[in-house]
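Chains as they are written, first to last, in my numbering: chain X, 1 to 337; chain F, 338 to 602; chain G, 603 to 871.
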Amino acid sequence: MKHRLQQFTRNALLALGLAASGAAMAQNAICYNCPPEWADWGTQIKAIKAKTGVTVPPDNKNSGQSLAQLVAERASPVADVTYLGVTFAIQAQKDGVVGAYQPAGWKDIPDGLKDPAGHWFTIHTGTLGFMVNVDALKGKPVPQSWADLLKPEYKGLIGYLDPASAFVGYVGAVAANQARGGTLDNFGPGIDYFKALQKNEPIVPKQTSYARVLSGEIAILLDYDFNAYRAKYKDKANVQFVIPAEGTIVVPYVMSLVAKAPHAAEGKKVLDFVLSDEGQAIWANAYLRPVRASAMPKDVQAHFLPESDYALAKSVDYAKMAAAQKAFSDRYLQDVK
Amino acid sequence: MRNARQAPWALVALTALVALFMVAPIALSVMAGLVNNYSVGLRSGLTLRWVGEVWENYGNTVGWSLVLALLCVAGNLVIGVPCAYALARSRSRAARLFEELLTLPVAVPGLASALALILAYGTLAGFRQSFAFILVGHMVFTLPFMVRTVASAFQKDELLSLEEAARSLGASFAQRFLGVLVPAVLPAIVAGSLMVFTLSVGEFNLTWMLHTPLTRTLPVGLADSYASMRIEIGSAYTLVFLIVILPVLWGLQAVGTFIEKHHGT
Amino acid sequence: MSVRHGGFAPSRALLAACAAPAVAFFAAFWLLPVALLLALPARQGWATYFTALTNTRYLQSLLQTLGLSLVVTLATLVLGALVGITLARQRFPGRQLLLSLLTLPLSFPGVIVGFFLILLGGRQGVVADLTEAAGWGRVTFAYGLAGLFLAYLYFSLPRAIGTYTAAARAMDAALEEAARSLGASRWRVARDVWIPQLQATTVACGAIVFATAMGAFGTAFTLSAKFEVLPITIYNEFTNYANFALAASLSITLGLITWLVLWVSRRVA
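See below:
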């Protein structure tokens, strides 16, 4: 009797499971790290569904969580494609969890922004700076430099994403480090900066905090230009984007096809679309710089800060940035309390 | 139980303070989910727009969480109640060892149990990508609660005599179990079920790692919405959670009280 | 949990059959997977099992988690007992509703509790509004140790209040009346009548509150507190280039310590 009961239970479970997953199998491509409110993935996902028929459910993991989940599931992947900060993609390639695919539009991507074999490729870039909710500052001046953030008047008003787990967090750390005189070989100035910043009691979330800036909970967030522009022009909030005077960096966000993806055909369709004219235009309209530069419309370009400001934003050796990430994370967690 | 004495005002004040601490955020959250703009507050007017958006984006998670919780209770009843009986009656060392092992899922962090499950069964793609995977995680975490609660009820001395009497009258085991034992521990079973339901509906630590974008539960969706959506949406989602959960909890509690009243013991 | 009554005992085969489904399920879906997990740290060398003790950062996180959990447990038991007993004895309209509202948070995921604390004590929180009106500036406590402690208290109190309310109803009124009629002060009644009767409840409740606090992840995750607790450390290792061996090692340590405290509490009871 016990055996029959076990059999019954197991069969019931499998039936339930198959019923649930069977319905979902039709024309899906699972993306890790495609949050609807980030880089306007919401619009992109809708367009993908309309143009290719593939449904991409939104997913809120950050780059670190995505990589961890991909590695945990490497024997039988759940995801088909993933969107990652470039350093995490380089690591993913080392871990062997991403496959090679050269989508349509491959030739238009500059050489430094893609893996030659196609394990990852840039779809758009962003510049790091200060996303400032001017109202939440309650009359204080908008900070213009990294040094400004250390002033006591900004106590309790600053936030930055965790450099040890979120890509944008690490980007902020590299940017601050470079601006304060450090290099990818020497993170000393960066660590010292974050140590000094602790006096202002910053909030350090682990996942995107766009909503918290809008609500005023975090008045100054180290974040990308595209998030700030979206807040300002789409959500009509009194938000300003500041490129700090000492300089900052530009970073690519990339996508990859997951190795042994369960729905590889659908995944490839998604990757083709995000690099197509239409896909790239959606990124441009969301204030990201599309990797295929021709896609940027003039009226959208007008909303960006002037090019003279953007001259302060430099690119870095992303492979080196990837190699240094683990050591920096450890050092950050150790030293910055 | 009647008590002629009024509690000292200090205790009443303390109780009031604790009650305020516990209930105020719930009220705030409900308000935040119903106003047009949280920073402005009630002055911005009330609206159901956020609730509508939540339903559109996350509506399915509500249903799935409820289904999972109910299945979790059902599963725990089927395998947990007989097991509780066995542990209560058994004098063997194996039984004591199993009891000890059963306390472990509560001690080990959910992230680790989830990772363990993925490493062990992640290769079964159909299983991994279904809600059954999450159900298994929930059951493994809640089984100890059901077993412990019901086992202590099975140990009551009166029950032993009752069972002995039934056996001597010629009742088979099945008859004894379903006709005498289960009714006797019904209050404990209901209490255990309520606990399992509550734990499953709010389970986050395990589910967060076990879920896939297609198999999201309410707590996972909630965490998502608080992270990336406006606070009004997160609050509206909490409101939806309350509206759905409260009636079920009250219903189960009412069943429990009813059974206790009409049960004796 | 041992059988005290002699005489009738069901056959071993019968008992084994009753336990078998649960044992099989538990073995397949917990024991086996966790055994696989136990083997993980060995990939990075045997010393990895002891990282929690050898690495100062992890050791600090572990001690902080232990400390926080113990303090939260004590505070919860004291407050829960006082509130539970008061509520069990006072009759007032809406008492049943209040009780169910107070035990409602048991169903909340930790994320909600974190955000409730932000609603209360964040920069835009209610408390900040009140203190600003009182002229003390905007007081924010959600992101510090105080906020974390209050959040842990928030999800622990419902369990204690529910347990103590039920236990108080079962307390022997006659004993208390007798003590009072003999002239015992309220304090002596509490010490000599209540505490012995509630001892078993207290230990059991304390154990579960402690275990929940030790393993709590969602709350600390949402509050992103600087006071690092071990579940967050484990998450950090997990997302820091998928360092599973270390995450597994820390989980094992956390699990062992929690289990040890649970085991001791059961012996004491």
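Glycine included, C-beta positions come from ideal geometry on N, C-alpha and C.
Nearest to residue i (by Cα), restricted to the options the options
| i | options | result |
| --- | --- | --- |
| proline 524(F) | Gly593(F), Arg553(F), Ser376(F) | Gly593(F) |
| leucine 699(G) | Trp587(F), Phe595(F), Phe464(F) | Trp587(F) |
| leucine 852(G) | Ala649(G), Phe627(G), Leu634(G) | Ala649(G) |
| serine 366(F) | Ile582(F), Ile570(F), Gln590(F) | Ile570(F) |
| aspartate 731(G) | Thr125(X), Lys234(X), Glu217(X), Asn200(X) | Glu217(X) |
| proline 50(X) | Gln65(X), Gly96(X), Gln27(X) | Before going further, note that residue 50(X) is alanine rather than proline in the sequence given. Answer by Cα proximity: Gln27(X). |
| proline 36(X) | Ile30(X), Gln44(X), Ala29(X) | Gln44(X) |
| alanine 564(F) | Asp59(X), Arg292(X), Gly126(X) | Asp59(X) |
| arginine 869(G) | Trp789(G), Leu856(G), Ala802(G) | Ala802(G) |
| glycine 558(F) | Pro362(F), Ser402(F), Ala347(F), Thr486(F) | Ser402(F) |
| tyrosine 756(G) | Asn842(G), Glu830(G), Leu679(G) | Leu679(G) |
| phenylalanine 595(F) | Ala444(F), Ile416(F), Ala528(F) | Ala528(F) |
| proline 635(G) | Ile363(F), Ser450(F), Gly400(F) | Ser450(F) |
| valine 477(F) | Leu408(F), Arg428(F), Ala508(F) | Leu408(F) |
| valine 258(X) | Ala47(X), Lys46(X), Ala72(X), Gly53(X) | Ala72(X) |
| aspartate 335(X) | Tyr253(X), Pro163(X), Lys320(X), Leu275(X) | Pro163(X) |
| leucine 672(G) | Leu848(G), Leu825(G), Arg725(G), Ala809(G) | Ala809(G) |
| leucine 452(F) | Phe358(F), Leu354(F), Thr544(F), Pro584(F) | Thr544(F) |
| glycine 686(G) | Val831(G), Phe743(G), Arg761(G) | Arg761(G) |
| valine 360(F) | Asn657(G), Ala654(G), Leu721(G), Thr667(G) | Leu721(G) |
| glycine 96(X) | Trp120(X), Glu201(X), Asp108(X) | Trp120(X) |
| valine 581(F) | Ser530(F), Val410(F), Lys598(F), Thr535(F) | Thr535(F) |
Any non-hydrogen atom of the ligand ZN within 7 Å of residue i CB
| i | result |
| --- | --- |
| glycine 105(X) | The ligand content of the structure shown is nil, which means the ligand ZN is not present either. |
Residue i - DSSP class collapsed to helix/strand/coil
| i | result |
| --- | --- |
| methionine 255(X) | strand |
| alanine 313(X) | strand |
| glycine 129(X) | strand |
| histidine 119(X) | coil |
| glutamine 240(X) | strand |
| alanine 24(X) | Annotation note: pLDDT 47 at alanine 24(X) (below 50); position unreliable, coordinate value reported separately. If DSSP states are grouped into helix, strand and coil, alanine 24(X) belongs with the helices. |
| tyrosine 83(X) | strand |
| threonine 248(X) | strand |
| tyrosine 160(X) | strand |
| aspartate 185(X) | coil |
| lysine 233(X) | The question names lysine, but residue 233(X) is tyrosine in the sequence shown. Tyrosine 233(X): helix per DSSP, three-state reduction. |
| glycine 99(X) | strand |
| histidine 263(X) | coil |
| tyrosine 224(X) | strand |
| isoleucine 203(X) | strand |
| alanine 372(F) | The sequence given here has valine at residue 372(F), not alanine. Valine 372(F): strand per DSSP, three-state reduction. |
Exposure label - residue i; buried when at least 16 CB within 10 Å
| i | result |
| --- | --- |
| methionine 296(X) | buried |
| tyrosine 83(X) | buried |
| glutamine 512(F) | exposed |
| alanine 23(X) | In this prediction, alanine 23(X) scores a pLDDT of 46, lower than 50, which makes its location untrustworthy; the coordinate-derived value is nonetheless stated afterwards. Exposed: under 16 other Cβ atoms inside 10 Å. |
| valine 377(F) | exposed |
| leucine 137(X) | buried |
| glutamate 500(F) | buried |
| glutamate 266(X) | buried |
| asparagine 591(G) | Residue 591(G) lies beyond the range of chain G shown here (603 to 871); nothing can be said about it. |
| serine 21(X) | Bear in mind that the predicted position of serine 21(X) carries a pLDDT of just 49, short of 50, making it too unreliable to give a figure here. |
| tyrosine 233(X) | exposed |
| arginine 339(F) | Because arginine 339(F) carries a pLDDT of 43, less than 50, the predicted location of this residue cannot be relied on, and the following value inherits that uncertainty. It counts as exposed. |
| glutamate 437(F) | exposed |
Under 8 Å between C-beta atoms of residue i and residue j
| i | j | result |
| --- | --- | --- |
| isoleucine 203(X) | glycine 159(X) | yes |
| valine 418(F) | serine 709(G) | no |
| valine 78(X) | threonine 549(F) | yes |
| valine 300(X) | tyrosine 287(X) | yes |
| alanine 815(G) | proline 833(G) | no |
| threonine 479(F) | asparagine 542(F) | no |
| aspartate 135(X) | isoleucine 282(X) | no |
| threonine 860(G) | valine 715(G) | no |
| phenylalanine 353(X) | tyrosine 332(X) | Lying before the first or after the last residue shown, residue 353(X) is absent from chain X, which here runs from 1 to 337. |
| arginine 289(X) | glycine 105(X) | no |
| alanine 425(F) | alanine 488(F) | yes |
| threonine 841(G) | valine 349(F) | no |
| proline 369(F) | serine 509(F) | It should be noted that the sequence gives alanine, not proline, for residue 369(F). Their beta carbons are not under 8 Å apart, which means alanine 369(F) does not touch serine 509(F) by this criterion. |
* Taking the runs of the alpha helix (DSSP H) that are 4 residues or longer, which of them lie wholly in the stretch 37-63 of chain X? -> Within the stretch 37-63 of chain X, the runs of alpha helix (DSSP H) that reach at least 4 residues and sit entirely inside it are, in chain order, 41-52.
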